[in-house]
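Numbering (the working numbering), first residue to last: 6 to 210.
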Amino acid sequence: MYTGIVKEQLPISGIIKKEGLMTFSLEFPDYLLEGLELGGSIAINGVCFTVTNIDGNSVSFDAIRETLALSNIKYLDIGSMVNVERSAKPDAEVGGHILSGHVISTATVSHIETTENNCRLTLSGESRWLKYVFEKGFLAVNGASLTVAKLERESESFCINLIPETLKRTNFSCLSVGDEVNIEVESQTQVIVDTVERVLAENYQ
């Protein structure tokens, strides 16, 4: 479980690509290593990964074919900046919203509007999962818990606003038009929408 509060943005320090598998590593600061063990869970750009190796401050992860197909992890290279969050402890304050680290798809950055102390991203999505997105609802983008500022279902796009602290703490400041970001929809909303659709479909059969 995660809370959508990104702790660090870190560069990829090592990467090995094989058929259907990509192993990558990050150099963790000391405070993120505290209590970390093999098999532990870490969210990288919002994707839940299992720790496969710890060598000093270097922490490694494996991304399998399905993960690479669903997320932007496949685009990582040496130096790529990623958002990092340790799994939440039972008594953790939920500053964002509850996340599982199960990315549903990616959205593409279609527009970036930057003014003094403000930044708004417009993202293009897909109708199959945008049905779970609502204005003022929660959404996880690259693992960061954010509020949907505007939604346009006709154009299959939505906007999010980023405050300076979010830009400083995350890799959103590195984004350009055309980049893909990982999306995790709010689980309770997904359950409600799917249940309503199923009930309506059964009633009209």
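Think of the CB as a built atom: it goes at the ideal place given N, C-alpha and C, for glycine as much as any other residue. Remember, it's a predicted structure, so these values are computed and weren't measured experimentally.
Original post:
Any chance the stretch 153-163 sits against the stretch 47-61, with 3 or more Cβ pairs inside 8 Å?
Top reply: No, because fewer than three Cβ pairs between the stretch 153-163 and the stretch 47-61 fall closer than 8 Å, the two stretches do not touch.
Original post:
Given that a residue counts as buried once 16 or more other Cβ atoms are within 10 Å of its Cβ, and exposed if not, what is Gly44?
Top reply: The sequence position of residue 44 within the sequence shown is 39, counting from 1. With a threshold of 16 other beta carbon atoms within 10 Å, Gly44 falls short and is exposed.
Subject >> Span of the alpha helix (DSSP H) around Lys173 >> reply: The residue labelled residue 173 in the question sits at position 168 within the sequence shown. Looking at the DSSP string, the run of the alpha helix (DSSP H) that includes Lys173 is 169-174.
Original post:
Quick one, are the C-beta atoms of Ile83 and Pro169 less than 9 Å apart?
Top reply: Within the sequence shown, numbered from 1, the residue matching residue 83 stands at position 78. Within the sequence shown, numbered from 1, the residue matching residue 169 stands at position 164. The beta carbons of Ile83 and Pro169 sit no closer together than 9 Å.
Subject >> Through-space distance from Leu180 to Ser162, alpha-carbon basis >> reply: Position 157 of the sequence shown, counted from the start, is the residue given in the question as residue 162. Position 175 of the sequence shown, counted from the start, is the residue given in the question as residue 180. The alpha-carbon of Ser162 is positioned some 17 Å away from that of Leu180.
Original post:
Which partner residues does Arg91 have in the DSSP bridge list?
Top reply: One-based indexing of the sequence shown puts residue 91 at position 86. For Arg91, which the question treats as bridged, DSSP gives the partners Ile47.
**OP:** Consider the C-beta atom of Ser115 and the heavy atoms of the ligand PLP; say whether any pair is separated by less than 8 Å.
**Re:** Of the ligands one can find in the structure shown there are none, so the ligand PLP has no counterpart to examine.
**OP:** Would you identify the three-state DSSP class for Lys23, choosing helix, strand or coil?
**Re:** Counting from 1 along the sequence shown, the entry for residue 23 is found at position 18. In the structure shown, Lys23 sits in a strand (DSSP, three-state: E or B).
**OP:** Using alpha carbons as the reference points, say which of Ser129, Met27, Ala145 lies closest to Thr72.
**Re:** If you number the sequence shown from 1, residue 72 lands on position 67. Among Ser129, Met27, Ala145, the Cα nearest to that of Thr72 belongs to Met27.
**OP:** Rounded to whole angstroms, what's the CA-CA distance from Val114 to Leu172? Just pull it up for me.
**Re:** The count along the sequence shown starts at 1 and reaches residue 114 at position 109. The count along the sequence shown starts at 1 and reaches residue 172 at position 167. The alpha-carbon separation between Val114 and Leu172 amounts to approximately 15 Å.
Original post:
Taking Arg125 as the reference, which of Leu37, His116, Gly19, Leu41 has the closest Cα?
Top reply: For this step, residue 125 is matched to residue 120 along the sequence shown. The shortest Cα separation from Arg125 among Leu37, His116, Gly19, Leu41 belongs to His116.
Original post:
At what residues does the beta strand (DSSP E) containing Glu191 begin and finish?
Top reply: By 1-based counting over the sequence shown, the position of residue 191 is 186. Premise fails: Glu191 is in no beta strand (DSSP E) and is neither H nor E.
Original post:
Roughly how many whole angstroms lie between the Cα atoms of Thr194 and Leu41?
Top reply: The sequence position of residue 194 within the sequence shown is 189, counting from 1. The sequence position of residue 41 within the sequence shown is 36, counting from 1. When rounded, the distance between both Cα atoms is 32 Å.
**OP:** Indicate the three-state DSSP secondary structure (helix, strand or coil) for Asn77 in the structure shown.
**Re:** Start at 1 with the first residue of the sequence shown, and residue 77 comes out as number 72. It is helical.
**OP:** Pull up the distance between the alpha-carbon of Ser63 and that of Ser92, whole angstroms please.
**Re:** Translated into positions along the sequence shown, residue 63 becomes position 58. Translated into positions along the sequence shown, residue 92 becomes position 87. The straight-line gap from Cα to Cα measures roughly 18 Å.
**OP:** Using alpha carbons as the reference points, say which of Gly106, Gly142, Lys136 lies closest to Glu159.
**Re:** Along the sequence shown, one-based indexing puts residue 159 at 154. Nearest option by C-alpha distance: Lys136.
Original post:
Whose C-beta lies closer than 8 Å to the C-beta of Glu90 among residues of the same chain, with five residues either side of it excluded?
Top reply: Working through the sequence shown from its first residue, we reach residue 90 at position 85. Around Glu90: Tyr7, Thr8, Gly9, Ile10, Val11, Lys12, Ile47, Ala48, Gly148.
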